[in-house]
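Undergrad: As you go down the protein sequences, you meet chains A and B in turn.
Note that the first sequence covers residues 1 to 182 in my numbering.
Note that the second sequence covers residues 1001 to 1182 in my numbering.
Note that the Cβ used here is the ideal one computed from N, Cα and C, for glycine as well.
The structure presented is a predicted model; accordingly, all values stated were derived computationally and were not measured.
There are 2 protein chains.
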Amino acid sequence: MNYPNKKEHSNKSYIEYGKRGMTLESDINSSNNYYLENDIAVIYKKPTPIKAVKVNYSRTKITEAYYEIPSTTDYNGIYKGKYIDFEAKETRSKTSFPINNIHKHQIIHLKRIDNHGGISFIIIRFTSINKTYLIFTKDFVDYFEQNDKKSIPLSYIEEKGYIIKDGYNPVIDYLKIIDSIL
Amino acid sequence: MNYPNKKEHSNKSYIEYGKRGMTLESDINSSNNYYLENDIAVIYKKPTPIKAVKVNYSRTKITEAYYEIPSTTDYNGIYKGKYIDFEAKETRSKTSFPINNIHKHQIIHLKRIDNHGGISFIIIRFTSINKTYLIFTKDFVDYFEQNDKKSIPLSYIEEKGYIIKDGYNPVIDYLKIIDSIL
């Protein structure tokens, strides 16, 4: 049996929900799920690094643990035979992306990936204006190496980066941008 | 100033320490460190997935958390432009590797990586005989798909896999085996 009206309604409310405040992380996770289920790419978010200090006798429950600073980025995987590696960040600023949102060793990591023939980038969402961009590592690294600044202006990201349009499924189709450079 | 004798001594004791019970995980981590520092490859162990349930007011200390089943494998990264993905396991058995050491969804993940053009494998250490092997996914998957068995005999791993010799630095030079198939 088909319930086209019901289905359409549920799609619509999903999109609306997406627009009124799904986080960038959940949008990326849901897109990665779509890529995985449709055999397009295999990209995962890495677990948050946590150091377990005290574990109970059954070795299942941890009673004392601490968050650790990640050594690398949040996401990596494979697409069309290429190694993919990126970090994703949201900012409430309407005009620029503060670079201290990304750890220095994460930038070193992204540069290493480029040097080894991988594809590396960051995805930045400006939550106040609801726009999401992808900018490749070499483009934002160039900016910091040429300018003594603490943030990247939105205008620079608009010029050198790529806007990721909202969609239904995948919610943010960032691999479309990778296609354009392959 | 050079202290060749001292240096030689410390190398030797390191190797001996390695032989008398460094875990496979620490051997791989130290090898990955060597690869990273010498700009050979960028391969990391993923953090153990832990679900934090209760976090204290400062959001730094976790007071209740649980281990989760990993969705993928422990290690991934990039080498010579290729996506690398593997799982590493020790067994005390002298004759075979029990397949229930690896989750079924991890095997599905390794097969996916192969299908997308990556290089995937498992590293198995037989601790009782102190031998470490690398076997590519297609070779051990073939075995399970053709035989209704719950473990892979050591003899099969010796035939289809590659032995990884102990070294000083890197302790286990598994990328040498990748070179042989590239």
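#1: Taking only beta carbons into account, state which residues of the region 60-93 of chain A come closer than 9 Å to chain B, listed in chain order.
#2: Strictly below 8 Å CB to CB, what residues from chain B border A/K46?
#3: Would a check of beta-carbon distances place B/G1117 closer than 8 Å to chain A?
#4: Could you tell me the alpha carbon to alpha carbon distance between B/I1107 and B/K1131, rounded to whole angstroms?
#5: Quick one: what does DSSP say B/D1173 is sitting in, helix, strand or coil?
#6: Of the residues B/A1041, B/K1104, B/N1032 and B/P1098, which one's Cα is nearest the Cα of B/K1150?
#7: Could one say the Cβ of A/I107 lies closer than 8 Å to chain B's Cβ atoms, at least one of them?
#8: Do you know how far the Cα of A/S180 is from the Cα of A/A88?
#9: Which of the three DSSP states is assigned to B/N1056 in this structure?
#10: Under the three-state reduction of DSSP, which class applies to B/T1137: helix, strand or coil?
#11: Considering only C-alpha positions, which residue in the set B/N1032, B/Y1034, B/D1039 and B/T1023 is nearest to A/I113?
#12: Could you check whether the Cβ of A/I50 sits closer than 8 Å to any Cβ belonging to chain B?
#13: When burial is assigned at 16 or more other CB atoms within 10 Å of the CB, is B/H1116 buried or exposed?
#14: Would you mind sorting A/G21 into buried or exposed? The rule is 16 or more other CB atoms within 10 Å of its CB.
#15: Going by DSSP, what residues sit across from B/N1076 in a beta bridge?
#16: Cβ of B/G1021 less than 8 Å from any chain A Cβ?
#17: For A/I124, which of helix, strand or coil comes out of DSSP?
TA: The relevant details are as follows:
#1: Answer set for the region 60-93 of chain A: T60, K61, I62, T63, E64, A65, Y66, Y67, E68, P70, S71, T72, N76, G77, I78, Y79, K80, G81, K82, Y83, I84 and D85.
#2: Position 46 of the first sequence, counted from the first residue, corresponds to residue 46 of chain A. In chain order, K1046 and P1047 make up the part of chain B whose C-beta sits under 8 Å from the C-beta of A/K46.
#3: Within the second sequence, residue 1117 of chain B is the residue found at index 117, counting from 1. Using a Cβ-Cβ cut-off of 8 Å, B/G1117 counts as an interface residue toward chain A, since at least one Cβ of chain A sits closer than that to its own.
#4: Against the second sequence, residue 1107 of chain B aligns to sequence position 107. Against the second sequence, residue 1131 of chain B aligns to sequence position 131. Straight-line measurement puts the Cα of B/K1131 at about 22 Å from the Cα of B/I1107.
#5: Here residue 1173 of chain B corresponds to residue number 173 of the second sequence, with the count starting at 1. B/D1173 falls in the coil class under three-state DSSP.
#6: Within the second sequence, numbered from 1, the residue matching residue 1150 of chain B stands at position 150. The candidate whose alpha carbon is nearest that of B/K1150 is B/P1098.
#7: Along the first sequence, one-based indexing puts residue 107 of chain A at 107. With 8 Å as the cut-off, A/I107 does not count as an interface residue toward chain B.
#8: Stepping through the first sequence from its first residue, residue 88 of chain A is reached at position 88. Stepping through the first sequence from its first residue, residue 180 of chain A is reached at position 180. Our two residues, A/A88 and A/S180, have alpha carbons roughly 20 Å apart in a direct line.
#9: Working through the second sequence from its first residue, we reach residue 1056 of chain B at position 56. In the structure shown, B/N1056 sits in coil (DSSP, three-state: anything other than H, G, I, E or B).
#10: Taking the second sequence and counting its residues from 1, one reaches residue 1137 of chain B at position 137. Correct three-state label for B/T1137: helix.
#11: Translated into positions along the first sequence, residue 113 of chain A becomes position 113. If we check each option's Cα against that of A/I113, B/D1039 comes out closest.
#12: Within the first sequence, the letter at position 50 stands for residue 50 of chain A. At least one chain B Cβ lies under 8 Å of A/I50.
#13: For this step, residue 1116 of chain B is matched to residue 116 along the second sequence. Buried, by the Cβ-count rule.
#14: Within the first sequence, the letter at position 21 stands for residue 21 of chain A. Caution is warranted here: a pLDDT of 48 is assigned to A/G21, below 50, making its placement in the model unreliable, and the coordinate value is therefore given only provisionally. Within 10 angstroms of the beta-carbon of A/G21 lie fewer than 16 other beta-carbons, which makes it exposed.
#15: Taking the first residue of the second sequence as position 1, residue 1076 of chain B is located at position 76. Among the bridge pairs identified by DSSP, B/N1076 is matched with B/Y1044 and B/D1085.
#16: Here the question's residue 1021 of chain B lines up with position 21 in the second sequence. Its pLDDT being 48, under 50, B/G1021 is placed unreliably by the model, and nothing is read from it.
#17: Sequence index remark: in the first sequence, residue 124 of chain A carries index 124 (1-based). DSSP places A/I124 within a strand segment (E or B) once states are collapsed to three.
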